[in-house]
Structures are given as structure tokens and as C-alpha cells.
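**Student:**
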Amino acid sequence: MLQQQAAFHLQQQQIRQKSPSGGRTPKKCRFSDSEPDSEKRSLHNNMERMRRIDLRNSFDDLKTLLPSLASAQRAPKVTILKDATSYLHELLQKDRTLSSHVTKLRAHQEELRSTLSRLRKTLASIR
Numbered sequence: 060m061l062q063q064q065a066a067f068h069l070q071q072q073q074i075r076q077k078s079p080s081g082g083r084t085p086k087k088c089r090f091s092d093s094e095p096d097s098e099k100r101s102l103h104n105n106m107e108r109m110r111r112i113d114l115r116n117s118f119d120d121l122k123t124l125l126p127s128l129a130s131a132q133r134a135p136k137v138t139i140l141k142d143a144t145s146y147l148h149e150l151l152q153k154d155r156t157l158s159s160h161v162t163k164l165r166a167h168q169e170e171l172r173s174t175l176s177r178l179r180k181t182l183a184s185i186r
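Heads up: the sequence shown begins at 60 in the working numbering, then just goes up one per residue.
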């Protein structure tokens, strides 16, 4: 897989270096059977295949991160995206709730520390 990705990126760089438009080549007649056009077509097909493989792998990776779909054998892309959005909203809500709780705990901790300090001073003055 890494070799395929490396080859894909190398092919992209080669196309960008050859073309002054940064990888975009002007459209030419499709019916020309010259060797360079067929090589370009083959290269483009390989790059497109690699892009689809990368996209599929990314969806699979995302699916494994979602608790609702992690054990599912297959899931439509739209379901993966909707579940990812829903899960992200859940996580954001949990984050807000936990941050609020931490803030309250820190305030309570500060109150307890000041009470402890006051009690220590009282105890020291009694002795």
C-alpha cells in the first residue's frame, strides 16, 4: 500500500513538473492514438485508481473510529459521514460538560484550600 501511495505521489509530481499549469493539461483529441497520449491516459487512470483507493481507505478508517459502525462489516458513505457528524457533536457536548465540571471542581478545590489554611491558622493559635 505504501508503495502504491509513493508511486501515486511521484506520478503527481512528475505531471506537475512537466506541465506549466501545475498538473492541468489542456484537453486534446481523445481519438489520437499516439504513444504519449496513451501513456498520459494510463497514468491518469492509475492516479484516479489510487485516489479512489485512498478515499475508500479513509472511509474505512473513519468507520472504525465510530462506535455505532465499528463492528459493521459494510456501511454506505453517507451513513459514515452522518454518524461521524453525530459522534463529533456528542464529543463536543461531552467536552463542554467536562470542562464546566473541571472548572467547578477547581473552584471547590480552592475553597477547600482556603478553609484548610484558615483551620491550620486557628489550630496554631490555639496551641
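Positions of the beta carbon are idealized from the N, C-alpha and C atoms, including for glycine.
Under the rule that 16 or more other beta-carbon atoms within 10 Å means buried, what is Lys180, buried or exposed?
**Tutor:** Under this definition Lys180 is an exposed residue.
**Student:** Using only alpha-carbon positions, find the residue among Ser159, Ser117, Thr162 that is nearest to Ala143.
**Tutor:** Taking only the C-alpha atoms, the option nearest Ala143 is Ser117.
**Student:** Which residues mark the beginning and the end of the alpha helix (DSSP H) in which Arg172 is found?
**Tutor:** Per DSSP, Arg172 belongs to the alpha helix (DSSP H) from 136-185.
**Student:** Using only the alpha-carbon positions, how far apart do Leu171 and Arg177 sit?
**Tutor:** Cα-Cα distance, rounded: 10 Å.
**Student:** Smallest Cα separation from Ala134: which of Pro126, Ser145, Lys122?
**Tutor:** That would be Lys122, whose Cα lies nearest to the Cα of Ala134.
**Student:** State the DSSP-derived secondary structure class of Ser127, mapped to helix, strand or coil.
**Tutor:** Coil at Ser127, not helix or strand.
**Student:** Taking the alpha-carbon positions, what's the Glu98 to Ile112 distance?
**Tutor:** Going by the C-alpha atoms only, they are around 21 Å apart.
**Student:** For Ile139, I'd like the list of residues in its chain whose CB is within less than 8 Å of its CB, leaving aside the five on either flank, ordered along the chain.
**Tutor:** Phe118, Leu121, Lys122, Leu125, Leu128.
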